[in-house]
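Everything on this sheet refers to the single structure shown next.
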Amino acid sequence: MKTKKSTSLRNFVTAIVLATALLAAGALWVLLGWRGALDVTLTDLAGDPAALRGFTMRGQSYFDCAHTYWDLHDGYLDTSFALDPDESDDRYHYSAWGASHSVFYAVTPETRDEVNAAAQRVQVYDDNWQMQSTASHFRVMAEISMGSDVLRIALRDVVLDAPISVSANAEVPTYLDRTRVIYDYTADFSDEVEDTDIDYSYIAGQVFLLGDGQGLAWRYTVADRKAGLYKATPISYDDIAALPSNGKVGDRDVLCATTEFGTLEPFYCPENARQVVCGLPMDDGLTLCVYLDPLNKACADLVNAAGEQVDHIELGIEGGNGDFSVTALPRTTDRDAVLKVDFRNLFVALRVQDGKFSLHQTLSAEGDIYLRNAEAAVLNTAGDALLIATPEYTTVGEGGTDNAYNIYQTGTLLLVCPLDGSGTRYRGRLNTGAERDWGAQLGEDWRRVSLRRYMSYELYEKDRRRQL
20 MKTKKSTSLR
30 NFVTAIVLAT
40 ALLAAGALWV
50 LLGWRGALDV
60 TLTDLAGDPA
70 ALRGFTMRGQ
80 SYFDCAHTYW
90 DLHDGYLDTS
100 FALDPDESDD
110 RYHYSAWGAS
120 HSVFYAVTPE
130 TRDEVNAAAQ
140 RVQVYDDNWQ
150 MQSTASHFRV
160 MAEISMGSDV
170 LRIALRDVVL
180 DAPISVSANA
190 EVPTYLDRTR
200 VIYDYTADFS
210 DEVEDTDIDY
220 SYIAGQVFLL
230 GDGQGLAWRY
240 TVADRKAGLY
250 KATPISYDDI
260 AALPSNGKVG
270 DRDVLCATTE
280 FGTLEPFYCP
290 ENARQVVCGL
300 PMDDGLTLCV
310 YLDPLNKACA
320 DLVNAAGEQV
330 DHIELGIEGG
340 NGDFSVTALP
350 RTTDRDAVLK
360 VDFRNLFVAL
370 RVQDGKFSLH
380 QTLSAEGDIY
390 LRNAEAAVLN
400 TAGDALLIAT
410 PEYTTVGEGG
420 TDNAYNIYQT
430 GTLLLVCPLD
440 GSGTRYRGRL
450 NTGAERDWGA
460 QLGEDWRRVS
470 LRRYMSYELY
480 EKDRRRQL
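Taking this note's numbering, the leading residue of the sequence shown gets 20, the next gets one more, and so forth.
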């Protein structure tokens, strides 16, 4: 009996070990299958691969929950794979600080009692009532969401020749509803009040690191706020909810839509700036400010922590009379910045050394659709060329058919372009496996199938989304 029990136990343990091994082998098979289908590879297309030496670029390709991380350095490509990685970590490394903003037109504090006294309670829907009135004096308010916090500031005041309709929600607000504009009097239609040239484009570029806080590039001079770089300190929704009421809608107390919260303090406002288009943290605690002067010439200043200019250059670009927009592309060091001048088909390469600009050069992308669509660009160590990453698209289907002209991204092109404009020195493709999906687009159900392989680029630490 003792031997039989031992044998049974041994068989049971053996079965458990085998089952565990099979499960592990199955998991490994699945993981390797995902890895094989989604790994990133580099294919040389033209030129000398040695041209990649001196460049560093990092990114990720992802498909649903599977992520492939790649690191290109001196011509070598290293990859790693993760199935369902930590989502917050990915956002932190591959997303820039962002700010969304909106504008609304609120009744000025001086006239709100008069507007409220003339208001009538009107039923709009079965379960919704409004207080409706008219007004001619408005304050244009900007509300800027930065992560989980909010900044609200006044832009300008407007006085109309004739009053227009205003309304407010008549219901008693709940906890968070108190932060919403609809619980105070604002213009029902904005056409008579708005200035489309400035009301929706007062912020330029992304939020950037400024000292121990967050910076905003304020595009235009609006009222008494000059164009320049500002330090922004938003507040939380909990803090907004705790603010005291300071007005009435009908007979109930409200937080007025003209109430400002958070602070926006000037850091550096160039005296000759007509339009500020970019702010970016650089090496040695310096900040880059890019702007147009009154003659529409693009300029760049280096600013120290005290908000004082320490270096200045003209970029040799004419901005024109219209809007001038600049995008700071992903980078791997804070001594360099590569700016894409939107709608001008230009790249501007800047390098900072010993507190001064040591390099500034412009590269034209005119005539090259791939360069115009660039998503990342970095300088090499020598400072004489850019490595530019841009989507490669493929048209699937035939002209005249139901599925004609379906354009899908099937890879990422890497282009080494000398700054002297002598032409592309190297051309390669980062393959993500998307090309294997083409067939799915040609079948019966192509309208319901979409390629979900995406590419993004790891940002330098100072440019990443701030952890809150």
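Think of the CB as a built atom: it goes at the ideal place given N, C-alpha and C, for glycine as much as any other residue.
R391 - containing alpha helix (DSSP H), residue span = Residue 391 sits at position 372 when you count from the first residue of the sequence shown. Element bounds for R391: I388 to R391.
List the whole-angstrom C-beta distance separating T429 from T413, where the pair is believed to meet the contact cut-off of C-beta under 8 Å.
-> Counted from its first residue, the sequence shown places residue 429 at position 410. Counted from its first residue, the sequence shown places residue 413 at position 394. With a Cβ gap of about 4 Å, T429 and T413 count as contacting.
Looking at the structure shown, is E495 part of a helix, part of a strand, or coil, going by DSSP?
-> Beyond the ends of the chain as shown, which are 20 and 487, falls residue 495; an answer cannot be given.
Assumed close pair A319, I332 - CB separation to whole angstroms, cut-off 8 Å | Counting from 1 along the sequence shown, the entry for residue 319 is found at position 300. Counting from 1 along the sequence shown, the entry for residue 332 is found at position 313. Indeed, because the Cβ distance is near 5 Å, the residues count as touching under 8 Å.
Quick one: grab the DSSP three-state call for A138.
-> Locating residue 138 in the sequence shown gives position 119, counting from the first residue. Looking at A138 - three-state DSSP - the assignment turns out to be coil, as it is neither helix nor strand.
What residues in its chain sit with their C-beta under 8 Å from that of D258, if we drop five residues either side in the sequence?
-> By 1-based counting over the sequence shown, the position of residue 258 is 239. Closer than 8 Å at Cβ, skipping near neighbours: F280.
Residues near R140 in its chain [Cβ-Cβ closer than 7 Å; skip 5 each side] = In the sequence shown, counting from the first residue as 1, residue 140 sits at position 121. The answer, listed in chain order, is W148, M150, A189 and G269.
For Y445, verify whether its CB is less than 6 Å away from any heavy atom of the ligand ATP.
-> The ligand ATP is not among the ligands present in this structure, which contains no ligands whatsoever.
Residues that DSSP places opposite N364 in a beta bridge | By 1-based counting over the sequence shown, the position of residue 364 is 345. Answer is none; N364 lacks a bridge partner.
Cα-Cα separation, L348 to D105 = Position 329 of the sequence shown, counting from 1, holds the residue named residue 348. Position 86 of the sequence shown, counting from 1, holds the residue named residue 105. Each residue's Cα considered, the two are about 25 Å apart.
To which residues of the same chain is A325 closer than 7 Å at the C-beta, ignoring the five residues directly before and after it?
-> Along the sequence shown, read from residue 1 onward, the residue named residue 325 stands at position 306. Taken in chain order, the list of residues that qualify is empty.
Kindly give me the distance between the Cβ atoms of R350 and Y479, rounded to whole angstroms, as I take these residues to be in contact under 8 Å.
-> If you number the sequence shown from 1, residue 350 lands on position 331. If you number the sequence shown from 1, residue 479 lands on position 460. At roughly 5 Å, the Cβ-Cβ gap stays under 8 Å, so R350 and Y479 are in contact.
Under 8 Å Cβ to Cβ from L61, same chain only, skipping five residues before and after it: list those, please.
-> As a working mapping, residue 61 is identified with position 42 in the sequence shown. Taken in chain order, the residues that qualify are L91, L96, L433, G447, R448, L449 and N450.
Grab me the residues of P313's own chain with a C-beta within less than 7 Å of its C-beta, minus the 5 sequence neighbours each way, in chain order.
-> Reading the sequence shown from its first residue, position 294 is the one you call residue 313. Only N291 and R293 meet the Cβ criterion.
How far does the alpha helix (DSSP H) with A260 in it reach, from first residue to last?
-> Position 241 of the sequence shown, counted from the start, is the residue given in the question as residue 260. Unbroken alpha helix (DSSP H) run through A260: Y256 to A260.
Which one of E162, D67, A261 and Y202 has the shortest CA to CA distance from D218?
-> As a working mapping, residue 218 is identified with position 199 in the sequence shown. The shortest Cα separation from D218 among E162, D67, A261 and Y202 belongs to E162.
Would you call V134 buried or exposed, if buried means 16 or more other Cβ atoms sit within 10 Å of its Cβ?
-> Position 115 of the sequence shown holds residue 134. Answer is buried; the Cβ neighbour count reaches 16.
Every unbroken beta strand (DSSP E) inside the region 287-352 [3 residues or more] | 294-300, 306-311, 316-322, 328-337 and 344-347
Give the single residue among K316, D132, D103 and G117 whose Cα lies nearest to the Cα of R271.
-> Residue numbering aside, residue 271 sits at position 252 when the sequence shown is read from its first letter. Of the listed residues, the one whose Cα sits closest to R271 is D132.
Sequence-distant residues of the same chain with beta carbon closer than 6 Å to V143, five excluded per side | Indexing the sequence shown from 1 puts residue 143 at position 124. So the list reads Q149, once near-sequence residues are dropped.
Count the other C-beta atoms from every protein chain shown that fall within 10 angstroms of the C-beta of N265, then say buried if there are 16 or more, exposed otherwise.
-> In the sequence shown, the residue the question calls residue 265 occupies position 246. By the neighbour-count rule (16 or more Cβ atoms within 10 Å), N265 is not buried but exposed.
State the Cα-Cα distance for the pair L382 and T306, rounded to the nearest angstrom.
-> Start at 1 with the first residue of the sequence shown, and residue 382 comes out as number 363. Start at 1 with the first residue of the sequence shown, and residue 306 comes out as number 287. C-alpha separation (whole angstroms): 23 Å.
With K250 as the anchor, note down where its beta strand (DSSP E) starts and where it stops.
-> What you label residue 250 is simply residue 231 of the sequence shown in a count that begins at 1. Run containing K250: G247 to T252, per the beta strand (DSSP E) assignment.
Any idea if F208 is buried or exposed, counting beta-carbon neighbours within 10 angstroms, 16 or more meaning buried?
-> Here residue 208 refers to the residue found at position 189 when the sequence shown is read from its first residue. Burial call: exposed.
When DSSP labels each residue in this structure, what does E211 get in the three-state scheme?
-> As a working note, residue 211 is residue 192 in the sequence shown. Three-state result, E211: coil.
Have a look at V159 and Y256 and give me their C-alpha separation to the nearest angstrom.
-> For the purposes of this step, residue 159 is taken as residue 140 along the sequence shown, with counting starting at 1. For the purposes of this step, residue 256 is taken as residue 237 along the sequence shown, with counting starting at 1. Y256 has its alpha-carbon roughly 21 Å from the corresponding atom of V159.
From T278 to D180, what distance separates their C-alpha atoms?
-> One-based indexing of the sequence shown puts residue 278 at position 259. One-based indexing of the sequence shown puts residue 180 at position 161. The alpha-carbon atoms of T278 and D180 are separated by roughly 25 Å.
What does F227 pair with, by DSSP beta-bridge criteria?
-> Here residue 227 refers to the residue found at position 208 of the sequence shown. F227 is bridged to G234.
So Q225 and A115 are in contact, right, with Cβ under 8 Å, and what is the actual spacing, rounded?
-> Numbered from its first residue, the sequence shown carries residue 225 at position 206. Numbered from its first residue, the sequence shown carries residue 115 at position 96. Their Cβ separation, rounded to whole angstroms, is 4 Å, which keeps Q225 and A115 in contact under 8 Å.
Should R375 go down as buried or exposed, given a rule of 16 or more other Cβ atoms within 10 Å for buried?
-> Numbered from its first residue, the sequence shown carries residue 375 at position 356. Reading off the sequence, residue 375 comes out as Lys, not Arg. Exposed.
Cut-off 7 Å between Cβ atoms - residues of its own chain near L51, not counting five sequence neighbours on either side | Residue 51 sits at position 32 when you count from the first residue of the sequence shown. Below a pLDDT of 50, predicted positions are generally treated as unreliable, and L51, at 45, falls in that range; the measurement from the model is reported next regardless. The answer is none, since no qualifying residue turns up.
Strand pairing of I172, partner residues [DSSP] = Locating residue 172 in the sequence shown gives position 153, where the first residue counts as 1. Per DSSP, A161.
Can you name, in chain order, every residue of its own chain whose Cβ lies under 6 Å from the Cβ of K481, other than the five neighbours on each side?
-> Sequence index remark: in the sequence shown, residue 481 carries index 462 (1-based). So the qualifying residues of the chain are L228, P300 and D353.
Spatial distance of D103 from Y81 (CA atoms) | Here residue 103 is taken as the residue at index 84 of the sequence shown, counted from 1. Here residue 81 is taken as the residue at index 62 of the sequence shown, counted from 1. Their Cα atoms are separated by approximately 10 Å.
Quick one: what does DSSP say P104 is sitting in, helix, strand or coil?
-> For the purposes of this step, residue 104 is identified with residue 85 of the sequence shown, where counting begins at 1. Note: P104 maps to coil in three-state DSSP.
Cβ pair R244, V295 closer than 7 Å | By 1-based counting over the sequence shown, the position of residue 244 is 225. By 1-based counting over the sequence shown, the position of residue 295 is 276. Going by C-beta atoms, R244 is not nearer than 7 Å to V295.
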